[in-house]
Structures are given as C-alpha cells and as structure tokens.
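Chains Z and A supply the protein sequences, listed in that same order.
My numbering runs 15 ahead of the 1-based position in the first sequence.
My numbering runs 191 ahead of the 1-based position in the second sequence.
Notes to accompany the following structure.
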Amino acid sequence: MIKLKINGCEVTAKEGEFIIDIAERNGIDIPHFCYNERLERIGACRLCIVEVKGIDKLQASCCTQVKKGMEINTHSPRVLEARRINMQLLLANHSLNCTTCKENLMCKLQKYASELVIEDSIFGETQRKDEIDNSSVSIRRDNNKCILCEQCVRVCNDIQTVYAIGMTKRGVNTRITPAFNNTMKQSSCINCGQCVVACPSGALTEKSDIPKVLEALNSDKHLIVQTAPSVRATLGELFGLPVGTPVTGKMVTALKNIGFHKVFDTDLGADITIIEEATEFVKRLKENKNLPLITTCCPAWIKFGEQFYFKELNKNMSTCRSPQAILASLVKTYYAKKIKKDPKDIILVDIMPCTAKKYEILRPEFKGEADFVLTTVELAKLLKELNVDFQNLPDSEFDNPLGFSTGAGDIFGHTGGVMEAALRTAADLIAKKDLKKIDYKKIRSMEEIKEAEISIAGKKIKICVVHTMGAARKLLEQIKEGASPYHFIEIMACYGGCIGGGGQPPPHNKKTLKKRVNALIRVDEHKKIRKSHKNPAAIKLYKEYLGKPGSEKAHKLLHTRYYRKSYV
Amino acid sequence: MKILQKSELKAWKKAKKLGPKKTIQLLKKQGLTGRGGACFLTGLKWELVKNAKGNKFIICNADEGEPGTFKDKLLLEKNPENIIEGILIAAYCINTKQAYIYLRGEYNYLKDSLKKTIEETLTASRSSLKIDIIQGAGAYICGDETAIIASIENKRGYPHFKPPYPPQKGLFGKPTVINNVETLANVPLAIINKDWNDSLRLFSISGNVSKPRVYEIKVGTKLGKIALLAKAKNIKAVCFGASGGCIPYNSNSIINAEHICKEEAMLGACSLIFINKKKSMLDLAINIAQFFNHESCGKCTPCREGNTHILKLLEKIKSGKAKQEDIELLEKLSITIRDTALCGLGQSCTNHILTALNHFKKDFKVR
C-alpha cells in the first residue's frame with residue numbers, strides 16, 4: 016500500500032491503481048463519460064482530467080496510475096476551467112433538445128453539464144444533421160446526440176463480440192455506425208441493449224412502446240400484463256428506493272391501478288419452462304444425445320446463436336420457449352378459452368428487463384401472442400406519466416390462474432438462476448424423489464464462466480453457467496470443436512443476467528448488479544415452494560390443459576424452433 | 192552528407208562481433224538519440240526491450256507526415272541500405288525475428304525498391320530476420336507510435352495513452368522498439384565511425400526560401416547561418432513544422448531544443464519553415480488549423496471538437512468580424528487542447544496559435 020494526497024487529504028492505495036478508482040472509493044466523483052469499470056480504458060473523453068503536482072499537462076484520471084506521494088487535485092480552478100471547455104465542446108456537437116429527449120433527467124451529460132455550471136453554449140449550435148436510425152425494433156440510434164465515448168462500441172465488440180457497430184471516418188466527422196453505414200436492422204445486432212445502458216448521452220435509447228400501451232389502456236379490450244422475474248428487483252430504483260429492494264406487491268398494485276384487468280407473473284412461465292426443459296434434459300441425458308443442452312430463455316442469445324452458430328449448435332439449443340413466450344401463448348389460448356374471449360380481444364403487455372424481448376415478440380412463430388413489450392425503465396416512465404405514487408402503494412398479489420410462482424421462477428432473473436431452477440427439478444426427476452438440497456450456491460457468483468459438477472442419483476453431471484456473449488462464445492467454440500465437457504449450459508447475454516438487461520436502469524456496475532442478484536435470492540428464499548414442478552398452478556395447468564410435460568400439446572404451445580439468420 | 196555514407200554491413204559485422212550488450216553500450220556512449228522529436232536515448236530504449244522476456248518486435252517509423260518534414264524521404268530514397276542495416280542491428284540487439292517498416296501511404300512509390308533492398312541486405316547478412324512493410328493509408332496520426340501499433344494490429348489508427356510505453360507493452364501487447372528512419376540510418380554510422388556526432392542532423396528547410404531542401408546541419412547552429420544556406424530573405428518568423436509552433440526571426444537564435452523550448456516552441460524533427468514579412472501569421476494559422484482539423488483522429492474530445500472551433504474562430508478573425516473576446520476564447524481553447532488532449536498530436540496542435548498570438552498579435556486583428 017502507498018500513501019498519496021487527493022485534494023489535500025491523505026489516502027491509501029495500491030501501487031498501480033488508477034486515480035479515478037481511488038477518488039471514487041473516497042467519495043470524490045470525477046466527471047467521466049468514456050470510463051466504465053468493465054471496459055478497456057481508452058482515456059478519450061478528457062472530462063476526468065486532474066492536476067498532478069509536478070506534471071505539466073493535466074492527466075486523465077481514468078488512465079493514470081498512482082505513485083507514492085502523488086499530490087492530486089481533482090477540482091482545482093485550472094482543472095475546472097479545462098473541464099468546462101471540454102464539456103462545452105461536447106455540448107456544441109450534441110443536439111440540445113433535452114426536454115424532448117428520452118434520457119431527460121437520467122442523462123449523464125446533462126448531470127455533469129449542470130454540475131459544471133454550463134450556462135451559455137460558447138461554441139454555438141451543433142452542426143450534425145444525421146438521420147435517426149429507427150430501423151431496429153429495440154434500439155433507436157440518434158447520432159446527433161453521440162459524444163463518441165465509445166462505450167457502446169466497446170460493449171458490443173469486446174464484451175458481447177457481436178461487432179454490430181464500430182467507428183467510421185475521423186476528426187469531427189467521426190461517427191459510430193454499423194458496418195458500411197448500414198442500419199441497425201441490417202447489422203448483426205442481437206438487440207441485447209447493453210449499448211443503450213452504457214450510452215451516457217441519449218444517443219442510444221430503447222425503442223419506446225409507451226404510446227401504444229397508453230392507447231391500449233384506453234381501449235375496450237381485455238388488458239393483461241405479465242411481469243418478468245427481474246423487474247421486481249429493479250423497478251424500485253427508479254422510484255428512489257435503495258438498490259436491491261424487491262417491489263413485487265407495489266408493482267402489481269400499480270399495474271392494476273393504471274387499468275390492467277389481470278396481472279400475471281412471468282415467473283409461472285419460468286416454472287413451466289423449467290418443467291419442460293428439465294424433462295428435455297433428462298431425456299437427452301438418458302439417450303446421451305445432443306448434449307450439452309443449452310438454455311434458450313434469452314432472445315439476444317438466440318439471435319446470436321442463429322447468426323453465428325446455427326449450423327453447428329441448432330441441435331444443442333433447447334426447443335423450449337422463453338418464460339415470456341410460454342405465458343404469452345397460454346394467455347392467448349388457455350386463458351382466452353377459460354374466460355370465453357376471442358384472443359383478438361385480449362391485449363397482452365409484457366414488462367421485461369430486456370430490449371431483445373421487443374424483438375422476440377415479433378418473431379413470426381410467436382405472432383398474435385404478446386402485443387407490446389415495455390422495459391423496466393419504460394414502465395417507470397409510464398407510471399410517472401400516469402402520476403402513480405409508487406412508493407406509497409399497498410401490496411397486492413398476482414392474479415389467478417397465471418399468477419402463482421415458485422422461488423425457482425424468481426431466480427430466472429439472474430445469472431445461474433435458470434440453471435439452479437432446472438437442477439432443482441431435474442435432480443428430483445432423476446432421483447425420483449423430493450430432494451432436500453436445493454441451493455446451488457456455486458453458480459450464483461458474478462464470474463462470467465461458472466462451472467460445477469454435481470452428482471444426482473450417482474450420475475455425475477457437468478454444468479456451466481455463462482453470461483455475456485463474449486464469454487459464451489468461448490464455450491460455443493468449444494462445443495463446435497466437439498470438446499465440450501458439459502451436459503448442460505445456461506447462457507444469458509447480459510452481464511449478471513436479466514437484472515443487468517438492456518431495459519434495466521443504469522448503472523450496471525458490479526456493486527449494483529450484485530445487490531439486485533441478492534434481492535432475487537432473498538425473494539426465492541422466502542417462498543414456501545421453491546421447485547418449479549411443485550407449482551400448484553403449473554400442475555393444474557398440465558392437468559386441465561397441457562397433458563404431460565413434453566406432450567404433443569405442450570410441444571405445440573411451449574416449444575419453438577430456430578432459423579438460420581443472415582446479417583450484413 | 193555524412194548520413195549518406197554506406198556502411199555496407201560493416202556495422203552489422205562489428206555488432207555481431209561485439210554482441211548485443213556491448214553494441215548497445217557503444218550506442219549509448221556515442222549518445223545516439225531518437226530523431227522523431229522526443230530525443231530519447233536509442234541505446235536505452237533497446238536495452239529496455241532487450242531485457243524483456245518472450246516475443247518482441249521492432250518497428251521502423253517511416254510515416255513521416257509532419258508538414259514541412261521530408262528528411263526521411265531522402266534517406267529512404269538515397270540510403271535505404273543503412274536503414275535496413277540499422278533494423279538488422281536493432282533486431283539482433285533486442286533478440287527478435289520480426290521487424291516492420293511502417294511506410295507512409297504517400298511514399299508508396301518507394302515500396303518496391305525498399306523490398307529489393309531488404310532482400311539484398313538480408314541475403315548478404317545471412318540473417319533470418321523477417322522485415323514486413325506495412326503501408327499507411329494517409330493518416331497523419333499513424334505517425335504516433337501507439338497509433339502505428341494499432342494500425343499494424345489491423346485496428347483503427349488510434350493513439351493509446353502512455354504509460355504503458357511501447358517498450359513495456361507494444362505491438363500485440365509485447366515489448367516493442369519503435370525508431371525513426373533517421374535514427375536507424377544513423378545506427379550503422381554511429382557504430383563504425385569513431386568521430387560520429389549526435390548533434391549532426393538532417394534539417395528539412397522550406398517556406399519562403401530560394402533553396403528548399405534537406406540540409407545536414409549541426410544542432411546549435413545560429414538561425415542566421417541556416418537562412419543564408421537556404422537563401423531566405425526578409426524573414427519574420429520560423430515555424431517548426433505544423434506542430435512545433437513558431438518563433439520570431441532573429442539571426443542570432445540558436446537552433447537547439449533547449450533554446451527553442453525557452454521561446455515556447457518545439458524543435459521536434461528539425462523542420463524549419465521560413466515565413467517572410469509579406470505573409471500574415473493569421474493566414475498561416477488558418478492553413479495549419481485546416482490541416483489539424485482534417486487530421487485529428489477523432490478519439491479525444493479536445494482535439495476532435497476543438498480543432499473545428501479553432502478553425503472557425505480563426506476564420507472569424509480573418510473576416511474582420513471577431514471581437515476581443517473571440518481572441519480570448521481562441522487562446523483559452525488552445526490552452527485546453529494543449530493541456531488535455533490524449534496524444535502528442537493533440538497536445539501540440541495549437542502550439543502554432545499560442546506562439547503566434549504571443550509574438551505576432553498584430554496579425555490577429557479584431558474590431
């Protein structure tokens with residue numbers, strides 16, 4: 016450990032640590048745009064500059080390592096002057112229509128501009144007049160707001176290895192765009208929305224479906240909403256509650272208050288996914304065929320697989336639908352029949368943590384099922400628009416018959432959760448009894464690749480859990496080469512799983528995500544029933560409607576297939 | 192010119208006899224410093240990489256793009272043998288089997304002859320070194336050593352913050368020596384000639400002179416003498432490339448790094464552009480600002496965005512519509528770019544404005 020001074024106060028640090036990290040640890044917020052703890056440091060925005068005694072030029076604190084005895088000033092008059100000029104330069108090339116911007120009041124550029132007391136634009140108006148790219152069903156790209164911090168490019172290329180966007184041209188003409196200036200729709204984008212979360216200036220935002228949902232709320236249709244497992248763990252943050260506060264009851268009340276007739280729980284879909292997937296897994300394991308089985312709850316990963324690994328890995332992908340698609344199918348068939356309504360008179364809105372779900376519901380095989388997807392962030396906006404006093408709402412329960420779920424369904428929302436839920440059921444199925452040991456803590460960490468070997472009824476099963484597509488690519492390559500030692504693999508495209516999804520509130524740093532994971536784990540632990548196949552609502556559904564897990568009807572309604580996808 | 196003397200592998204043979212350690216010692220003793228502008232001790236640079244374990248590389252920086260600089264071109268045309276021999280010796284000293292020459296896009300026409308020289312020299316020296324020529328595509332920024340690395344790695348030609356310096360973490364993350372053409376051409380001569388002198392350098396002289404060309408001049412020569420050589424008359428200022436800034440003409444000015452630094456300019460790669468009294472420094476500033484506006488890579492905010500506004504402010508002054516506050520903003524912006532930009536290009540791209548504002552304020556008229 017070494018000692019140094021920041022703004023006159025002595026602090027300790029490890030040799031080689033970067034100034035910005037030490038400052039943050041000591042409660043000093045240095046404005047920054049290009050720095051992100053999970054991405055390669057590039058030192059491009061030059062907002063985090065600080066003064067270091069004895070060094071002539073100002074130093075970017077995100078990429079300057081500390082030395083013993085260093086004296087750093089993060090907010091000296093010289094620093095503030097330079098920072099203000101650099102901020103002015105960014106603002107001069109950013110379209111300043113803040114009040115009509117989706118990021119308004121959540122925008123980092125706005126926040127730091129206000130903190131630096133920027134009042135007049137000294138360099139005049141922006142010259143950029145780029146066309147807005149609305150081609151993607153999930154992501155809106157407005158280059159006129161881009162400040163070229165490259166976070167999106169690094170997330171897309173380095174973390175996700177999707178390479179949908181990159182840099183083009185140079186100097187003041189530099190732009191971030193898909194290859195050959197194509198649209199997002201033509202690109203290899205998997206709609207995961209990690210770029211949206213990373214973007215500090217509103218250049219990348221989710222495609223909003225709020226107006227359509229508002230219109231639906233005012234129609235005379237039967238209105239159903241389903242909420243994904245992870246939304247309950249994050250929605251509170253957008254209403255000022257501490258990170259990691261589950262708000263299931265308030266969320267249900269809020270949705271009922273704004274006019275939904277029934278609030279269903281995607282967790283039940285998750286439980287059914289598990290019942291089907293565990294059945295599928297046990298069958299494949301018995302036949303020793305098409306292993307490893309790969310989970311397919313994540314639409315971003317599905318698109319990734321269809322684009323890059325269809326030929327080799329199509330057979331490994333579980334045919335089981337995602338929880339969202341399962342519940343959607345049940346709403347428009349089972350439930351519609353039950354309440355004697357034409358499915359066309361039912362509108363189903365999905366509240367999802369995910370921008371890729373907007374893409375999933377538009378897949379031709381799911382046509383006519385879910386109608387709209389709102390992300391967590393969009394739901395908060397909608398509730399605010401309708402003046403819902405969220406914090407003071409009482410709790411309510413989900414509605415029957417599609418509202419009861421187990422703890423296994425809850426943990427679908429974080430990395431390792433799908434695997435843990437599947438193992439709880441598969442273990443029982445293989446051992447043919449009700450096993451007591453149901454916690455698989457090994458796969459709950461935030462490591463990108465987590466593996467474990469478990470033995471069920473004397474059978475050794477190797478599993479692997481992976482999040483982020485870059486990490487997944489490593490496993491996929493291994494399977495392609497026929498060298499995969501695993502029987503069962505869980506893939507989630509976003510870091511941390513759905514709690515870190517593209518529709519979740521930023522920031523997505525390790526600390527925040529870990530708290531969200533713990534919130535879901537707590538929800539699970541407080542549930543009486545924690546195994547999917549013990550879900551009475553699911554059991555009833557199979558009995559009344561679906562028959563046995565893996566039956567023909569179950570296959571028709573709960574399974575799907577994949578297609579080779581091409582991209583430019 | 193002494194630099195055009197051909198070593199004909201004499202230095203290579205001597206280095207082989209001395210061994211890497213002693214060769215590096217000899218270069219350090221001779222005091223050979225880098226000719227790219229930073230004047231780092233070449234022997235020391237090699238030593239840093241020599242001591243590193245594992246894969247390493249040597250790159251010859253032949254991306255000479257600074258306005259008013261054309262000395263490397265002369266060497267690549269007239270004495271490529273010495274450059275290749277310098278690369279051979281460097282590779283031998285640091286123990287690598289792979290070298291690169293990063294050739295400026297506009298010097299494409301030299302590629303074939305350079306290839307031939309490489310083949311001939313490698314055959315004659317019986318070395319197993321591999322020397323690849325990588326062609327630039329015309330970006331000024333790719334003269335920056337970290338941008339060269341990115342470019343050779345098939346990435347966008349973006350500079351990277353330092354440290355880590357290339358000798359610590361360079362091409363493909365491995366320790367890398369990057370030397371300028373003139374430095375490498377000097378290596379054989381410094382090894383074989385006892386009376387070799389580090390202060391003898393190639394000067395690119397251009398501007399309002401009758402005899403613009405490359406001169407071999409000792410650092411420390413008086414400006415008046417250089418003006419006489421190049422036949423420069425009625426001179427009011429001398430610019431050191433585009434990025435070094437300018438100083439008012441004084442025949443007694445001593446042309447060395449320290450003296451010019453005192454005048455707040457930078458000698459850099461010894462490029463002198465003479466400006467006569469008929470010229471306005473504002474016009475020159477506009478010309479240079481256009482260059483940097485075009486060549487900024489776009490990575491960091493101050494250089495990318497700042498250079499357009501520098502140009503706009505200068506054009507406003509030219510149009511006669513500028514006020515005193517525009518001059519103040521120009522100065523403030525220039526200082527911010529200098530103090531906060533990421534790479535050498537950004538940090539020096541406003542030197543010409545700051546020095547001109549300092550010495551030739553009259554040329555920047557406001558209402």
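Note that the Cβ used here is the ideal one computed from N, Cα and C, for glycine as well.
Since the model is a prediction, treat every value here as computed from it, not as a measurement.
Which one of the options has the shortest CA to CA distance from residue i?
| i | options | result |
| --- | --- | --- |
| Z/ASP539 | Z/GLU463, Z/LEU491, Z/ILE426 | Z/ILE426 |
| A/THR531 | Z/HIS47, Z/ARG61, Z/ASP36, Z/VAL26 | Z/ARG61 |
| Z/ARG53 | Z/LEU131, Z/VAL67, Z/CYS167 | Z/CYS167 |
| Z/VAL94 | Z/THR115, Z/GLU66, Z/SER129 | Z/GLU66 |
| Z/ARG459 | Z/ARG336, Z/ASN402, Z/ARG537 | Z/ARG537 |
| A/ARG392 | A/GLU344, A/LYS262, A/CYS430, A/GLU519 | A/LYS262 |
For residue i, decide whether its Cβ has a neighbour in chain A, counting only Cβ atoms nearer than 8 Å.
| i | result |
| --- | --- |
| Z/ASN101 | yes |
| Z/GLY485 | no |
| Z/CYS60 | yes |
| Z/ILE87 | no |
| Z/MET266 | no |
| Z/GLY84 | no |
| Z/GLY186 | yes |
| Z/LYS359 | no |
Please report whether the beta-carbon of residue i lies at a distance below 8 Å from any beta-carbon of chain Z.
| i | result |
| --- | --- |
| A/ASN345 | no |
| A/LYS254 | Checking the displayed sequence, the identity of residue 254 of chain A turns out to be Asp instead of Lys. No, because no Cβ of chain Z sits closer than 8 Å to the Cβ of A/ASP254. |
| A/LEU521 | no |
| A/LEU545 | no |
| A/GLU352 | The sequence given here has Phe at residue 352 of chain A, not Glu. So, interface residue. |
| A/CYS488 | yes |
| A/THR541 | no |
| A/HIS485 | yes |
| A/ARG495 | yes |
| A/CYS230 | no |
Which term fits residue i, buried or exposed, when burial requires 16 or more other beta carbons within 10 angstroms of its beta carbon?
| i | result |
| --- | --- |
| A/CYS452 | exposed |
| Z/LYS373 | buried |
| A/LEU419 | exposed |
| A/ASN443 | exposed |
| A/ARG347 | buried |
| A/SER319 | exposed |
| Z/GLN142 | exposed |
Please report how far the alpha carbon of residue i lies from the alpha carbon of residue j, in whole angstroms.
| i | j | result |
| --- | --- | --- |
| Z/CYS313 | Z/MET507 | 6 Å |
| Z/MET85 | Z/ASN206 | 44 Å |
| A/GLU272 | A/ALA338 | 26 Å |
| Z/GLY422 | Z/ILE309 | 22 Å |
| A/LYS468 | A/ILE426 | 6 Å |
| Z/ARG576 | A/THR367 | 51 Å |
| Z/GLU230 | Z/GLU295 | 40 Å |
| Z/ALA75 | Z/GLU462 | 29 Å |
| A/PHE482 | A/GLY256 | 11 Å |
| A/LYS212 | Z/LYS580 | 58 Å |
| Z/HIS90 | Z/ILE21 | 10 Å |
| A/ILE383 | A/LEU209 | 12 Å |
| Z/ALA248 | Z/LEU561 | 31 Å |
| Z/ASP148 | A/ALA480 | 33 Å |
| A/TYR356 | Z/GLU221 | 40 Å |
| A/GLY415 | A/ASN441 | 7 Å |
| A/ASN484 | Z/CYS78 | 25 Å |
| Z/HIS548 | Z/ASP282 | 13 Å |
Query raised in the report: Can we say the segment 282 to 297 of chain A touches the segment 236 to 254 of chain A, given the rule of at least three CB pairs closer than 8 Å?
Result: yes
Query raised in the report: Do the segment 399 to 417 of chain A and the segment 312 to 326 of chain A meet, that is, are 3 or more Cβ pairs less than 8 Å apart?
Result: no
Query raised in the report: Does the segment 311 to 327 of chain Z come close enough to the segment 350 to 363 of chain Z to have 3 or more Cβ pairs within less than 8 Å?
Result: no
Report task. Would you check if the segment 363 to 379 of chain Z and the segment 203 to 221 of chain Z touch, i.e. whether three or more CB-CB distances between them fall below 8 Å? Result -> yes
Query raised in the report: If we count Cβ pairs, one from each stretch, closer than 8 Å, do we get three or more for the segment 498 to 511 of chain A versus the segment 392 to 401 of chain A?
Result: no
Report task. Check whether the segment 189 to 199 of chain Z touches the segment 150 to 164 of chain Z, taking contact to mean three or more Cβ pairs, one atom from each stretch, closer than 8 Å. Result -> yes
Report task. Tell me, please, whether the segment 496 to 504 of chain Z touches the segment 409 to 418 of chain Z by the rule of three or more beta-carbon pairs shorter than 8 Å. Result -> no
Query raised in the report: Would the segment 232 to 241 of chain Z and the segment 508 to 521 of chain Z be scored as touching if the rule is three or more Cβ pairs under 8 Å?
Result: no
Query raised in the report: With contact counted as at least three CB pairs below 8 Å, one residue from each stretch, are the segment 360 to 376 of chain A and the segment 230 to 245 of chain A in contact?
Result: yes
Query raised in the report: Just checking, does the segment 471 to 480 of chain A make contact with the segment 540 to 555 of chain A on the three C-beta pairs under 8 Å criterion?
Result: yes
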